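Novice:
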Amino acid sequence: MKTKIDLQNWNRREHFDFFNSFEEPFFGLCSEIDCTEMVHNAKTSGQSLFLRYLHASMKAINSIPEFRRRIEGDSVFEYSCVHASVTIGREDHTFGYCFLPWFEDYDDFAKAAEKPVSIVRNGSGLGLDPANQRNDVIHCSSIPWVSFTGFRHARKLSFPDSVPKIIFGRTHETQPDSRQIMLPVSLDAHHGLADGYHAGLFFQRFQEFSLCSAMQR
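Each residue of the sequence shown is one higher than the one before, counting from 50 in this note's numbering.
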């Protein structure tokens with residue numbers, strides 16, 4: 050379900066018009082999330098760490114209306130919820146896109162992810178089906194080989210894109226033999242729809258929901 054934004058009375062109208070005229074209207078921000086307890090609990094419970102932090106990040110995204118808004122033609126719409134379009138790696142070092150529907154409950158989310166993840170992991174090609182090209186998604190990917198401090202996406206600037214993008218990096222200890230484990234995260238969003246405040250709110254809530262998720266066995 051989506052609701053059309055009244056552009057004439059929208060408090061972001063000038064911001065939207067200004068940034069939407071840019072050839073590259075996306076801005077990006079990288080930070081780190083303390084995922085210490087989440088890592089330990091995922092290991093002891095046998096759960097997927099990727100699905101754990103993906104769920105926490107999507108919960109944060111869905112709690113912020115600005116990241117559920119999309120530009121469609123000359124209009125802006127706000128979706129009631131958004132889902133995840135993720136990259137799934139394969140043994141041959143290729144990847145495919147995979148649509149994962151959003152569920153507030155982690156167990157429901159993880160259960161719904163089992164079949165599509167398995168299909169993509171054991172398949173071939175990119176998986177450019179309609180589900181992965183929907184507007185009500187967040188483009189998510191994991192780069193578990195690198196703990197990064199910056200990231201830049203490959204983008205087709207002629208394509209009218211307004212879908213936020215999240216990248217997760219390799220977890221790392223803050224110091225050798227340290228118990229604290231950090232997760233690098235990159236967030237990109239259309240500046241006509243969101244600002245640094247909203248990006249900061251995302252990281253704040255991602256951290257909060259990560260801690261809450263770590264307490265769920």
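Yeah, the Cβ is synthetic: ideal placement off N, Cα and C, and Gly gets one too.
Predicted model only: the values in this text are computed from it and were never measured.
Pull the bridge partners of SER134 from the DSSP assignment, please.
Specialist: Within the sequence shown, the letter at position 85 stands for residue 134. BP columns for SER134 point to PHE148 and HIS188.
Novice: Using only CA atoms, which one of SER235, LEU206, LYS92 and ASN111 lies nearest to VAL131?
Specialist: For this step, residue 131 is matched to residue 82 along the sequence shown. Out of SER235, LEU206, LYS92 and ASN111, ASN111 has the C-alpha closest to the C-alpha of VAL131.
Novice: By the three-class DSSP mapping on this structure, what secondary structure does ASP156 have?
Specialist: Residue mapping note: residue 156 aligns to position 107 of the sequence shown, counting from 1. Helix.
Novice: Quick check: GLU73 and LEU206, are their CB atoms within less than 8 Å of each other?
Specialist: As a position in the sequence shown, residue 73 is number 24, starting the count at 1. As a position in the sequence shown, residue 206 is number 157, starting the count at 1. Yes, Cβ-Cβ distance for GLU73 and LEU206 is below 8 Å.
Novice: For HIS142, count neighbouring C-beta atoms within 10 Å of its own C-beta (all shown protein chains included) and say buried if the count is 16 or more, exposed if not.
Specialist: Here the question's residue 142 lines up with position 93 in the sequence shown. So HIS142 ends up on the exposed side.
Novice: Entirely within the segment 59-139 and at least 4 residues each: give me those alpha helix (DSSP H) ranges in chain order.
Specialist: You should have 62-69, 85-94 and 98-111.
Novice: Can you look up ALA248 in the DSSP assignment and give me helix, strand or coil?
Specialist: Within the sequence shown, numbered from 1, the residue matching residue 248 stands at position 199. Helix, per DSSP.
Novice: Could you tell me the alpha carbon to alpha carbon distance between VAL195 and LEU232, rounded to whole angstroms?
Specialist: The sequence position of residue 195 within the sequence shown is 146, counting from 1. The sequence position of residue 232 within the sequence shown is 183, counting from 1. Whole-angstrom Cα-Cα distance: 10 Å.
Novice: When DSSP labels each residue in this structure, what does PRO233 get in the three-state scheme?
Specialist: Looking up residue 233 in the sequence shown gives position 184. In the three-state scheme derived from DSSP, where H, G and I count as helix and E and B as strand, PRO233 is classed as strand.
Novice: Classify VAL217 as helix, strand or coil using the three-state DSSP reduction.
Specialist: As a position in the sequence shown, residue 217 is number 168, starting the count at 1. Strictly speaking, residue 217 in this sequence is Phe, with Val absent from that position. Strand.
Novice: For LYS164, name the three-state secondary structure that DSSP assigns.
Specialist: In the sequence shown, residue 164 corresponds to position 115, counting from 1. Helix, per DSSP.
Novice: Who are the Cβ neighbours of ARG42 in its own chain at under 8 Å, not counting the five residues just before and after it?
Specialist: Lying outside 50 to 266, the shown extent of the chain, residue 42 is not represented and no answer is given.
Novice: Looking at the strands, I want to know which residues DSSP matches up with HIS239.
Specialist: For the purposes of this step, residue 239 is taken as the residue at position 190 of the sequence shown. Answer is PHE75, bridged to HIS239.
Novice: Under a Cβ-count criterion, where at least 16 other Cβ atoms within 10 Å of its own Cβ denotes burial, should GLU222 be classed as buried or exposed?
Specialist: Here residue 222 is taken as the residue at index 173 of the sequence shown, counted from 1. Burial call: exposed.
Novice: What does DSSP give as the partner residue(s) for GLU222 in the beta ladder?
Specialist: For the purposes of this step, residue 222 is taken as residue 173 along the sequence shown, with counting starting at 1. Answer is ILE230.
Novice: Quick one: what's got a C-beta closer than 7 Å to ALA248's C-beta in the same chain, skipping five residues either side?
Specialist: Translated into the one-based positions of the sequence shown, residue 248 becomes position 199. Within the same chain, ALA248 has close Cβ partners LEU78, LEU236 and ALA238.
Novice: Could you check where the beta strand (DSSP E) with THR52 kicks off and where it finishes?
Specialist: Within the sequence shown, residue 52 is the residue found at index 3, counting from 1. Annotation for THR52: the continuous beta strand (DSSP E) segment containing it runs 51-53.
Novice: For SER227 and ASN184, what's the separation of their Cα atoms in angstroms?
Specialist: Against the sequence shown, residue 227 aligns to sequence position 178. Against the sequence shown, residue 184 aligns to sequence position 135. Distance from the CA atom of SER227 to the CA atom of ASN184, rounded to whole angstroms, is 41 Å.
Novice: Relative to the C-alpha of ALA105, which residue among SER94, VAL88, GLU121 and GLU115 is closest?
Specialist: Against the sequence shown, residue 105 aligns to sequence position 56. Ranked by Cα distance from ALA105, the first of SER94, VAL88, GLU121 and GLU115 is VAL88.
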